[in-house]
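Our numbering puts the first residue of the sequence shown at 235, with every later residue one more than the last.
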Amino acid sequence: MEFCTSVESIREVVTDWKQAGQRIAVVPTMGYLHEGHLSLMRIARQNADRVVTTIFVNPTQFGPTEDLEKYPRDLAHDRQLCQEVGVDAIFHPAPAEMYAPDFSTWVTEESLSQTLCGAFRPIHFRGVCTVCLKLFNITLADVAVFGRKDAQQALVIERMVRDLNIPIRIIQAPLVREADGLALSSRNKYLSAEERVRALALSRGLRAAQARYDAGERAAAALREAVLQELQPAADSIDYVDVMARATLRPVALIDQPALLAIAAYIGKTRLIDNLFLG
Ligand code: PAF
Numbered sequence: 235m236e237f238c239t240s241v242e243s244i245r246e247v248v249t250d251w252k253q254a255g256q257r258i259a260v261v262p263t264m265g266y267l268h269e270g271h272l273s274l275m276r277i278a279r280q281n282a283d284r285v286v287t288t289i290f291v292n293p294t295q296f297g298p299t300e301d302l303e304k305y306p307r308d309l310a311h312d313r314q315l316c317q318e319v320g321v322d323a324i325f326h327p328a329p330a331e332m333y334a335p336d337f338s339t340w341v342t343e344e345s346l347s348q349t350l351c352g353a354f355r356p357i358h359f360r361g362v363c364t365v366c367l368k369l370f371n372i373t374l375a376d377v378a379v380f381g382r383k384d385a386q387q388a389l390v391i392e393r394m395v396r397d398l399n400i401p402i403r404i405i406q407a408p409l410v411r412e413a414d415g416l417a418l419s420s421r422n423k424y425l426s427a428e429e430r431v432r433a434l435a436l437s438r439g440l441r442a443a444q445a446r447y448d449a450g451e452r453a454a455a456a457l458r459e460a461v462l463q464e465l466q467p468a469a470d471s472i473d474y475v476d477v478m479a480r481a482t483l484r485p486v487a488l489i490d491q492p493a494l495l496a497i498a499a500y501i502g503k504t505r506l507i508d509n510l511f512l513g
């Protein structure tokens, strides 16, 4: 497995692969890898000849009061997991390798990124789009795999790829949960034992809403209420519980088209997200 920290060195590796006619899949990550990431890498493996995993805690997607400094990192463990899952190359740049001191070019998606997390994290998706486009360009990838745990992120990236005619196929991969329902996230590390128990209210709320939906309920307010009944007693604060049209990420009152029921809530100081695709 190649381990590259400079754009020049990963470019040499991927250019050789391209010249040999091989297809490349990239799995962008911020490291502290877990089974959710590994599932993306396995899907990448099935869809390309070569797999590149990028490990980069991207500073431009964190707001000034967010957890950039304390975001968990464990490069040695990440390297071991990538090796085990059959990744061909890791790209792990330092921030200075990605952002020149006078960096001044940004990608801003102006519709899907405005609601849900975008409403609470104003610069987040600008940072995500910009770094992902850079990573696509650097790795010369034909395919990129994103998890549905960050459903809005995957939809925003798909929109960016469509709007800017980027020659890459985006694959959305299923959300992976612990056996008790907690969605896998690197940020779960922040949870104390007591908070982890409370965090189960997110998936419990979604399951309650799914049960109502399966029983025929189509009113967004009723599904929201089903989530809130579980979430309100457990969460320290709630950013949103919203039912959105999947095509627009705008609120719907009645689910008569594919929809996304999405949650962002704080358990202690940890902001967790989870979601459910409906219809
Ligand atoms: O989902 C993430 O881990 C990040 O937002 C991503 C896609 C790697 C961009 O920094």
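Beta carbons: idealized from backbone N, C-alpha and C, even for Gly. It should be emphasised that the depicted structure is a prediction, and the values quoted were computed from it without experimental measurement.
So V261 is in the beta strand (DSSP E); what residue range does that whole segment cover?
-> Residue mapping note: residue 261 aligns to position 27 of the sequence shown, counting from 1. V261 -> beta strand (DSSP E) spans I258 to T263.
Which of the three DSSP states, helix, strand or coil, is assigned to G270?
-> Stepping through the sequence shown from its first residue, residue 270 is reached at position 36. Helix, per DSSP.
Go through the residues and name those whose CB comes closer than 6 angstroms to any heavy atom of ligand 1, in chain order.
-> P262, T263, M264, N292, Q295, V362, V365, C366, D384 and Q387
Buried or exposed by the 16-neighbour rule on C-beta atoms within 10 Å, applied to R322 | Within the sequence shown, the letter at position 88 stands for residue 322. A small correction: the amino acid at residue 322 is Asp; Arg does not occupy that position in the sequence shown. So D322 counts as buried.
What is the rounded straight-line gap between the Cα of Y266 and the Cα of A310?
-> Here residue 266 refers to the residue found at position 32 when the sequence shown is read from its first residue. Here residue 310 refers to the residue found at position 76 when the sequence shown is read from its first residue. The straight-line gap from Cα to Cα measures roughly 10 angstroms.
T482 vs L346 beta-carbon contact at 9 angstroms | Within the sequence shown, numbered from 1, the residue matching residue 482 stands at position 248. Within the sequence shown, numbered from 1, the residue matching residue 346 stands at position 112. Against a cut-off of 9 angstroms, the Cβ pair of L346 and T482 comes out as a contact.
One or two residues paired with P485 in a DSSP bridge | Here the question's residue 485 lines up with position 251 in the sequence shown. Per DSSP, M478.
Inspect the beta-carbon positions of V261 and T287 and report whether they are closer than 9 angstroms.
-> As a position in the sequence shown, residue 261 is number 27, starting the count at 1. As a position in the sequence shown, residue 287 is number 53, starting the count at 1. Contact: yes.
Would you mind reading off the limits of the alpha helix (DSSP H) that contains E392?
-> Looking up residue 392 in the sequence shown gives position 158. Residues A385 to D397.
How big is the Cα-Cα spacing for P401 and D376?
-> Taking the first residue of the sequence shown as 1, we reach residue 401 at position 167. Taking the first residue of the sequence shown as 1, we reach residue 376 at position 142. Between P401 and D376, the C-alpha separation is close to 7 angstroms.
Check the C-beta distance from F290 over to H326 and give it rounded, since I have them as a contact under 8 angstroms.
-> Taking the sequence shown and counting its residues from 1, the one referred to as residue 290 is at position 56. Taking the sequence shown and counting its residues from 1, the one referred to as residue 326 is at position 92. That belief holds up - the Cβ atoms of F290 and H326 are roughly 7 angstroms apart, short of 8 angstroms.
Where do the ends of the alpha helix (DSSP H) carrying N371 lie?
-> Sequence index remark: in the sequence shown, residue 371 carries index 137 (1-based). First-last of the alpha helix (DSSP H) with N371: H358 to T373.
Would you mind working out which of T342, P485 and R355 sits nearest D473, comparing C-alpha positions?
-> The count along the sequence shown starts at 1 and reaches residue 473 at position 239. The shortest C-alpha separation from D473 is found at R355.
Secondary structure at R276, three-state DSSP: helix, strand or coil?
-> Numbered from 1 along the sequence shown, position 42 holds the residue referred to as residue 276. Reduced to three states, the DSSP call for R276 is helix.
DSSP-derived helix/strand/coil call for E195 | Because the chain in this structure spans residues 235 to 513, residue 195 falls outside the shown range and cannot be described.
Distance CB(L512)-CB(A499) smaller than 9 angstroms | Locating residue 512 in the sequence shown gives position 278, counting from the first residue. Locating residue 499 in the sequence shown gives position 265, counting from the first residue. The answer is no: Cβ separation not under 9 angstroms.
L398: buried (16+ other C-beta within 10 angstroms of its C-beta) or exposed?
-> Here residue 398 refers to the residue found at position 164 when the sequence shown is read from its first residue. Burial call: exposed.
Pull up the DSSP beta-bridge partners for I497, would you.
-> Taking the sequence shown and counting its residues from 1, the one referred to as residue 497 is at position 263. Looking at the DSSP assignment, I497 forms a beta bridge with V475 and D508.
If you draw a straight line from the alpha carbon of M478 to that of A282, how long is it in whole angstroms?
-> As a working mapping, residue 478 is identified with position 244 in the sequence shown. As a working mapping, residue 282 is identified with position 48 in the sequence shown. Those two C-alpha atoms are separated by around 33 angstroms.
Buried versus exposed call for F337 [16 or more other C-beta atoms within 10 Å across all chains shown] = By 1-based counting over the sequence shown, the position of residue 337 is 103. So F337 counts as exposed.
Under 9 angstroms between C-beta atoms, does P293 make it to chain B?
-> Judged by its chain identifiers, the structure shown contains no chain B, having just a single protein chain.
Per DSSP, which residues does A453 bridge with? Please list them.
-> Locating residue 453 in the sequence shown gives position 219, counting from the first residue. DSSP, once it has assigned bridges, lists L488 as partnering A453.
DSSP state of F296 mapped onto helix, strand, coil = Translated into the one-based positions of the sequence shown, residue 296 becomes position 62. Three-state DSSP puts F296 in coil, outside helix and strand.
Backbone secondary structure at A468 - three-state DSSP = Locating residue 468 in the sequence shown gives position 234, where the first residue counts as 1. Correct three-state label for A468: helix.
Exposure of A413, with buried meaning 16 or more beta-carbon neighbours within 10 Å | The count along the sequence shown starts at 1 and reaches residue 413 at position 179. By the neighbour-count rule (16 or more Cβ atoms within 10 Å), A413 is not buried but exposed.
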